[in-house]
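See below for the structure under consideration.
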Amino acid sequence: SQKIEQNSEALNIQEGKTATLTCNYTNYSPAYLQWYRQDPGRGPVFLLLIRENEKEKRKERLKVTFDTTLKQSLFHITASQPADSATYLCAPSTSGTYKYIFGTGTRLKVLA
Amino acid sequence: EAGVAQSPRYKIIEKRQSVAFWCNPISGHATLYWYQQILGQGPKLLIQFQNNGVVDDSQLPKDRFSAERLKGVDSTLKIQPAKLEDSAVYLCASSLGGLGEKLFFGSGTQLSVL
Numbered sequence: 002s003q004k005i006e007q008n009s010e011a012l013n014i015q016e017g018k019t020a021t022l023t024c025n026y027t028n029y030s031p032a033y034l035q036w037y038r039q040d041p042g043r044g045p046v047f048l049l050l051i052r053e054n055e056k057e058k059r060k061e062r063l064k065v066t067f068d069t070t071l072k073q074s075l076f077h078i079t080a081s082q083p084a085d086s087a088t089y090l091c092a093p094s095t096s097g098t099y100k101y102i103f104g105t106g107t108r109l110k111v112l113a
Numbered sequence: 002e003a004g005v006a007q008s009p010r011y012k013i014i015e016k017r018q019s020v021a022f023w024c025n026p027i028s029g030h031a032t033l034y035w036y037q038q039i040l041g042q043g044p045k046l047l048i049q050f051q052n053n054g055v056v057d058d059s060q061l062p063k064d065r066f067s068a069e070r071l072k073g074v075d076s077t078l079k080i081q082p083a084k085l086e087d088s089a090v091y092l093c094a095s096s097l098g099g100l101g102e103k104l105f106f107g108s109g110t111q112l113s114v115l
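Here's what the structure looks like:
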């Protein structure tokens, strides 16, 4: 069955450092992969979309990579700030559907 | 632009009772999703509508859960009877429906089954 794995353990980093979060998927060939941010008590909020034919996508301090050979996406936050502390979710989607399956999420805590 | 509206925000019921959640998506969004999020886990897709038709309900426990989307706009998710393991946040999301379109989520309904 399709499986999406993210680091279940929380990631603690110092302010100003780069945070790198991992999303691995198996039995799956997504055409798109989205990343969302979720704060406590709120619904997820869209951050970035990357397509299978794109190796890398950037938006301000955020960068996403997509390696279809490794079946992995990496999400980077550069110059991290305490306000970046949240849970980050990846959600791949196959072409032909609008169905998004979410990973377990990784909780990031940026320490001042 | 108004976001996805959900109600109620919180609900506490006893097991074997029934409960209903309501969702009003963003105007013009063709696709509507219901997700269940158990504490510490990612959202799990329960059902996906395209306009007022069901696209995917493979993960919906149909013996107790039901959902409908009237006239391709508002949607209701019902649980009858509820079990303890149904305690979770129920998230509604909508999108324009094109490939790769981002999802817009409501704040969810937090359900506690005692």
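Residue numbers (my numbering), protein chains in the order written: chain A, 2 to 113; chain B, 2 to 115.
Glycine residues also receive a C-beta, built at the ideal position from the N, C-alpha and C atoms.
Among the options, nearest to residue i - alpha-carbon criterion
i, options, result
"K45 (chain B)", "A:L112, A:P93, A:K110", "A:P93"
"Q81 (chain B)", "B:V114, B:T110, B:N52, B:T32", "B:V114"
"A113 (chain A)", "A:S9, A:N13, A:N8", "A:N13"
"L34 (chain A)", "A:T88, A:G17, A:E55, A:H77", "A:E55"
"C24 (chain B)", "B:Y11, B:Q7, B:L33", "B:Q7"
"G42 (chain A)", "A:A87, A:R62, A:K110", "A:A87"
CA-to-CA distance, residue j to residue i, given in whole angstroms
i, j, result
"G98 (chain B)", "T79 (chain A)", "32 Å"
"R108 (chain A)", "L90 (chain A)", "9 Å"
"R65 (chain B)", "A83 (chain B)", "7 Å"
"N52 (chain B)", "Q15 (chain A)", "45 Å"
"R38 (chain A)", "G43 (chain B)", "11 Å"
"S74 (chain A)", "G41 (chain B)", "21 Å"
"Y91 (chain B)", "Q38 (chain B)", "6 Å"
"A20 (chain A)", "P9 (chain B)", "36 Å"
"F47 (chain A)", "L112 (chain B)", "24 Å"
"K60 (chain A)", "L104 (chain B)", "18 Å"
"L33 (chain B)", "F50 (chain B)", "5 Å"
"D87 (chain B)", "V55 (chain B)", "22 Å"
"I102 (chain A)", "H77 (chain A)", "21 Å"
"S9 (chain A)", "P62 (chain B)", "26 Å"
Beta-carbon gap between residue i and residue j smaller than 8 Å
i, j, result
"Y99 (chain A)", "L100 (chain B)", "yes"
"F106 (chain B)", "G44 (chain A)", "yes"
"S108 (chain B)", "H30 (chain B)", "no"
"C93 (chain B)", "V5 (chain B)", "yes"
"I5 (chain A)", "G104 (chain A)", "yes"
"A3 (chain B)", "W35 (chain B)", "no"
"L71 (chain A)", "L49 (chain A)", "no"
"T69 (chain A)", "E53 (chain A)", "yes"
Segment limits, beta strand (DSSP E) that includes residue i
i, result
"I13 (chain B)", "11–14"
"A149 (chain B)", "With chain B represented from 2 up to 115, any question about residue 149 (chain B) goes unanswered, as that position is not in the structure."
"Q73 (chain A)", "73–78"
"D57 (chain B)", "54–57"
"L33 (chain B)", "32–38"
"F47 (chain A)", "46–52"
"T88 (chain A)", "87–94"
"R59 (chain A)", "57–60"
"Q7 (chain A)", "4–7"
Are the segment 8–17 of chain B and the segment 24–34 of chain A touching, with three or more C-beta to C-beta distances below 8 Å? no
Could you check whether the segment 69–83 of chain A touches the segment 59–77 of chain B, counting it as contact only if at least three pairs of C-beta atoms, one from each stretch, sit closer than 8 Å? no
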